[in-house]
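First the structure, in the form of structure tokens, and then the observations on it.
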Amino acid sequence: MPRRGIRGGLLKFIREDDLDQIRFAIVEVLAEVGVLMDYRPALELLADHGARVDWSTSVVKIPEHLLEKALATAPSRFTLYGKTPEYDVKVDLERVYTIGGSCALSVLDLDGNHRPATRQDLIDLTRLLEEMPNLDIMHQIVVPSDVPELGYELINFATCYSISKRNYYSQAQSAESVRDQIKMAAVFQGSEEEVKRRPTFTEVVCMVSPLKHEKQNSEVLMESARHGIPLYIEVDALCGATTPAPIAGTLVEQGANVLAGVVLAQLVNPGVPCIFSIASGIMDMANGAYSGAAPETCLIHAGTAQVAHMFGLPYQGGTGIDAKLPDAQAGYERALQVLTNILAGTNFVHLSYGMMEQMLLASYEQVLIDEEIIGAAFRIARGFEVNDYTLSVDLLARVGPLGGHFLTQKETREFYRKDRWQPTLTNRDTWDAWQAAGGKDMRQAANERARAILAEEKPWAVTPEQAAEIERIAQEGVRKAQQRR
Amino acid sequence: MERTELFSKMQQAVIDGEAEQVESLARQALEQGIEPLEAINQGLIPGITEVGRRFERKEYFLPELMMAAEAMKKGMAVLERAIAERGIKREALATIVMGTVKGDIHDIGKSIVATLLSAHGFDVVDLGVDVPVEKFLESVLAHNAQVLGMSALLPTTMPYMRRVIEALEERGLREKVKVVVGGAPVTPAYAKQIGADGYGDDAVAAVRVVRELLGIKEQAQ
Ligand code: B12
Chain A
1 MPRRGIRGGL
11 LKFIREDDLD
21 QIRFAIVEVL
31 AEVGVLMDYR
41 PALELLADHG
51 ARVDWSTSVV
61 KIPEHLLEKA
71 LATAPSRFTL
81 YGKTPEYDVK
91 VDLERVYTIG
101 GSCALSVLDL
111 DGNHRPATRQ
121 DLIDLTRLLE
131 EMPNLDIMHQ
141 IVVPSDVPEL
151 GYELINFATC
161 YSISKRNYYS
171 QAQSAESVRD
181 QIKMAAVFQG
191 SEEEVKRRPT
201 FTEVVCMVSP
211 LKHEKQNSEV
221 LMESARHGIP
231 LYIEVDALCG
241 ATTPAPIAGT
251 LVEQGANVLA
261 GVVLAQLVNP
271 GVPCIFSIAS
281 GIMDMANGAY
291 SGAAPETCLI
301 HAGTAQVAHM
311 FGLPYQGGTG
321 IDAKLPDAQA
331 GYERALQVLT
341 NILAGTNFVH
351 LSYGMMEQML
361 LASYEQVLID
371 EEIIGAAFRI
381 ARGFEVNDYT
391 LSVDLLARVG
401 PLGGHFLTQK
411 ETREFYRKDR
421 WQPTLTNRDT
431 WDAWQAAGGK
441 DMRQAANERA
451 RAILAEEKPW
461 AVTPEQAAEI
471 ERIAQEGVRK
481 AQQRR
Chain B
1001 MERTELFSKM
1011 QQAVIDGEAE
1021 QVESLARQAL
1031 EQGIEPLEAI
1041 NQGLIPGITE
1051 VGRRFERKEY
1061 FLPELMMAAE
1071 AMKKGMAVLE
1081 RAIAERGIKR
1091 EALATIVMGT
1101 VKGDIHDIGK
1111 SIVATLLSAH
1121 GFDVVDLGVD
1131 VPVEKFLESV
1141 LAHNAQVLGM
1151 SALLPTTMPY
1161 MRRVIEALEE
1171 RGLREKVKVV
1181 VGGAPVTPAY
1191 AKQIGADGYG
1201 DDAVAAVRVV
1211 RELLGIKEQA
1221 Q
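Line order of the protein sequences matches chains A and B.
Start counting the first sequence at 1; every next residue gets the next number (this note's numbering).
Start counting the second sequence at 1001; every next residue gets the next number (this note's numbering).
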């Protein structure tokens, strides 16, 4: 059975008529302001299909009919494949999934040290994430400091893809890298044709705000689309700095920027899955910092869900939090962020495990704490049902007003198991009972649990032979990347 | 207008970030026969110094700071043109070449630093992003820069800063420029390790460290 996420979308901040205005504004920006694309083949393709290109500035203006045509072929429903069918993810505009990662530079390890991430951390954190029941999509949570700079994404691919059964969220520095990644996936999937038919990985492409697609962005986007590899087309707005300070204006910039990428992808390969993606934040005007956990950031991410869905595109939102330790700040930031996103119907809640300090730091302990928060948030989003059975009038009549309780009623036993979320790290004991059990706070409990998970060696998702072959291709790719430089 | 009144209007216009006003006041100063250097020192600089102070006290935030810096630049352009016309060379505090290193397109942090430095009287040559070694070297030579500032936001591009420093050494330029580095993943320890002279974790720190390296004292008011 594939994974089918719960349905979000209860929370809406934008009224329908305001949503129309956002759409018109995006269409106008695309058609009249345009997007800079620093890649000739992209501009040529768009020009061939009726976009207006200023060849001296590389700015392309995309008319509404071209946008409509792209949206008609971009699917609203598709599957992201896992290595086994139970890890397939059924994507539509309502269901909510989570993504681990992304790309932290440092780790806060289980001994409490803050230090640069290593490849061993990538292995351990990926193994830890793989055991999180609410994680749907695997991503590189750190970029190790002990791997080569050029082609590092290939080493990360080899590591995470080999460990995890989940669909792998990858990135590429060149078209060549995309092809190498297809080769690596083919080691497991049997052939490159099979990879293209049922891709077990995706690519993210991060555009620059305002309204700019770098050469590398378009190159990777076009190469992935050509092979049918699903794309997260992402902008990371810094509201107030790289996008307008009003949230509505930021939604407009994000929309025009992402949709320009969607149009390009659909021209290259009509039907290739495109996920409208953001990892935006506000700029803290006191120190210039990117804040992924500010309340305004939550609003941007919730609002963008409505915008993406209006265009019929599945949506990735979510950012890391700003706290530096798994402390009270971390708890409140993560909870508000995750809950807002899930309720808003963010189809992929990104950076949802362990990511702290403005996406610079990954914490082992926070991975487990986040699993707990995400579990609770999903439970809230699931809501409750009202029907004859749950209204329980007959049951109330049976127990009656003369004293009694429901604990011994079979309905209770039947119902609570499927209805209740059972915490694993949360402590609901009284003081004395909690003290008697060691008096551990949540961080300590998470630490113990992480150690226990890591102590247990589980087989990787691919065989040792496959892992060796994948590693060989990655190393070869790194060598080639170094030569190209 | 009375000179002192004019200067205090200029200061206020910088504080308010009113670029056009600063520009027209600068012109007015010239028309009144005020020495451009004096207008800079008594009109513009006290204004921006006050803005910097308010920023550190968190009374002003980045938008006010950046707009004041832009306004300051506009005024400077008018006054420096006049200085040049008189055939004098204004002594900028120093010339600083800045850029985000090759392979890296993170722009905004570097731009904030560049703007703030120029607002504090430095001549800043902003080379933009994705800047290769040769371009840094050429620019340092062409502008006879005393400081080279590099920004990197990716661990994959941080080592490039070391390459630039090595290239400076190879060309015998290392002694001529102070190298300062920054960007979210860069640490003081890393800066030291690659042989940089200074590090700053935000734009205010960048100004402080550049001043320290050049032995420039805080402007007295
Ligand atoms: C916004 C952003 C982007 C935007 C940049 C837009 C722009 N116009 O600049 C976009 C979307 C383009 C982008 C792209 C990418 N990004 Co990015 N990005 C960020 C983000 C969220 C914020 C950076 C920022 O602007 N901060 C605000 C500014 C004001 O702060 P700052 O740059 O640090 O500058 C301040 C100080 O550092 C200092 N300073 C800066 N420079 C200098 C220089 C000197 C001399 C001195 C003294 C001081 C100084 O003063 C500044 C002002 O206070 C960071 C996360 C983070 N917390 O840093 C990720 C981050 C840096 N990006 C990351 C990644 C992975 C990427 C991509 C590779 C993603 C992709 N898959 O394509 C690409 C890189 C492409 C490339 N080749 O460069 C990672 C890097 C980590 C890693 N391990 O590799 C980060 C950490 C996020 C993450 N975990 O995923 N990114």
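Virtual Cβ for every residue (Gly too), placed ideally from N, Cα, C.
Source: prediction; values computed, not measured.
Residue span of the alpha helix (DSSP H) that contains Met-310(A), given as start and end: That run of the alpha helix (DSSP H) goes 295-310.
is_contact[Leu-105(A), chain D] using C-beta, thresh 9 Å: This model lacks chain D altogether; the protein chains it does include are A and B.
Check whether Val-96(A) and Phe-348(A) have beta carbons under 9 Å apart: Yes. Within cutoff.
Pair within 9 Å by beta-carbon distance, Arg-1171(B) and Ile-1194(B): Arg-1171(B) places its beta carbon 9 Å or farther from that of Ile-1194(B).
Proximity test, Cβ basis, 9 Å: Asn-287(A) and chain B: Chain B contact via Cβ: present.
Unbroken beta strand (DSSP E) run spanning Arg-115(A), endpoints: 114-116 is the span of the beta strand (DSSP E), which, as asked, contains Arg-115(A).
Rounded straight-line distance, which links the Cα of Met-1010(B) to that of Ile-288(A): Note that residue 288(A) is Gly in the sequence shown here, rather than Ile. Just so you know, the alpha carbons of Gly-288(A) and Met-1010(B) end up roughly 27 Å apart.
Where Gly-1109(B) meets chain A, residues with beta-carbon distance less than 9 Å: Result: Gly-288.
Identity of the residues DSSP links to Tyr-486(A) by a beta bridge: Residue 486(A) lies beyond the stretch modelled for chain A, which goes from 1 to 485, so this question has no answer here.
Contact set between the segment 125-145 of chain A and chain B, restricted to residues whose Cβ is under 7 Å from the partner: Result list: Val-143 and Ser-145.
Distance, His-1143(B) Cα to Asp-1123(B) Cα: Near 10 Å, if we compare the C-alpha coordinates of His-1143(B) and Asp-1123(B).
Alpha carbon of Lys-1102(B) to alpha carbon of Ser-1151(B), nearest angstrom: Cα-Cα distance, rounded: 10 Å.
The segment 213-230 of chain A / the segment 163-178 of chain A touching (three or more Cβ pairs under 8 Å): Enough Cβ pairs lie closer than 8 Å, so yes.
Cβ contact check for the segment 330-349 of chain A and the segment 363-378 of chain A: 3 or more pairs under 8 Å: Flag = yes, the segment 330-349 of chain A and the segment 363-378 of chain A touch.
Under 9 Å from the C-beta of Asp-1197(B): neighbouring residues of chain A: Result: empty, since nearest Cβ-Cβ is about 23 Å, beyond 9 Å.
Contact test: Lys-1110(B) Cβ vs ligand 1 heavy atom, cutoff 8 Å: Answer for Lys-1110(B): yes, Cβ within range of ligand 1.
Selected residue, minimal CA-CA separation from Val-268(A), among Arg-3(A), Leu-45(A), Ile-473(A) and Leu-19(A): Comparing Cα-Cα distances from Val-268(A) to each of Arg-3(A), Leu-45(A), Ile-473(A) and Leu-19(A), the minimum goes to Leu-45(A).
Closest residue to Asn-1041(B) among Leu-1214(B), Glu-1091(B), Phe-1055(B) and Gln-1032(B) (Cα-Cα distance): Per the Cα distances, Glu-1091(B).
Stretch-stretch touch, CB-based, cutoff 8 Å, three pairs: the segment 190-209 of chain A with the segment 12-32 of chain A: Flag = no, the segment 190-209 of chain A and the segment 12-32 of chain A do not touch.
Any non-hydrogen atom of ligand 1 closer than 8 Å to Ser-56(A) Cβ: Every heavy atom of ligand 1 is 8 Å or more from the Cβ of Ser-56(A), so no.
Sequence-distant residues of the same chain with beta carbon closer than 8 Å to Leu-19(A), five excluded per side: Residues of the same chain with a CB within less than 8 Å of the CB of Leu-19(A), apart from the 5 flanking positions on each side, are Gln-306, Val-307 and Met-310 in chain order.
DSSP-derived helix/strand/coil call for Arg-3(A): Under the three-state reduction of DSSP, Arg-3(A) is assigned to strand.
Cβ neighbour criterion (16 or more within 10 Å) applied to Ile-155(A): So Ile-155(A) ends up on the buried side.
Lys-1073(B) versus Gly-1121(B), Glu-1035(B), Lys-1110(B) and Val-1129(B), residue with shortest Cα-Cα distance: Comparing Cα positions, the closest option is Gly-1121(B).
Cβ distance (whole Å) where Tyr-169(A) is taken to contact Ala-185(A) below 8 Å: Contact doesn't hold; Cβ gap of about 13 Å is too wide.
Selection from Val-1164(B), Thr-1156(B), Glu-1056(B) and Gly-1215(B) that minimises the alpha carbon distance to Glu-1134(B): With distances taken between Cα atoms, Glu-1134(B) lies closest to Val-1164(B).
CA-to-CA distance, Lys-183(A) to Ile-473(A), given in whole angstroms: Computed Cα separation, rounded: 8 Å.
Selected residue, minimal CA-CA separation from Val-1207(B), among Gly-1182(B), Lys-1192(B), Ala-1191(B) and Gly-1087(B): Ranking the options by Cα distance to Val-1207(B), first place goes to Gly-1182(B).
Three-pair Cβ contact test at 8 Å for the segment 310-322 of chain A versus the segment 351-362 of chain A: The segment 310-322 of chain A, when compared against the segment 351-362 of chain A, does touch it at the 8 Å Cβ threshold.
Straight-line Cα distance separating Gln-140(A) from Pro-75(A): For Pro-75(A) and Gln-140(A), the distance between alpha carbons rounds to 26 Å.
Exposure label - Ala-436(A); buried when at least 16 CB within 10 Å: Exposed, because fewer than 16 other Cβ atoms sit within 10 Å of the Cβ of Ala-436(A).
Residues that Phe-1061(B) contacts on chain A, provided the C-beta gap is smaller than 8 Å: Correct list: Met-285 and Ala-286.
Nearest-angstrom Cα separation, counted from Thr-346(A) out to Gly-8(A): So the alpha carbons of these two residues sit roughly 7 Å apart.
Assigned exposure category for Lys-83(A) - 16 Cβ within 10 Å defines buried: Looking at its Cβ environment, which holds 16 or more other Cβ atoms inside 10 Å, Lys-83(A) is buried.
Val-1186(B) Cβ short of 8 Å to ligand 1 heavy atom set: It does: the Cβ of Val-1186(B) is within 8 Å (strictly closer) of some heavy atom of ligand 1.
Partners in chain B for Leu-360(A), counting only beta-carbon separations shorter than 7 Å: Under the 7 Å cutoff, chain B gives Ala-1184 and Pro-1185.
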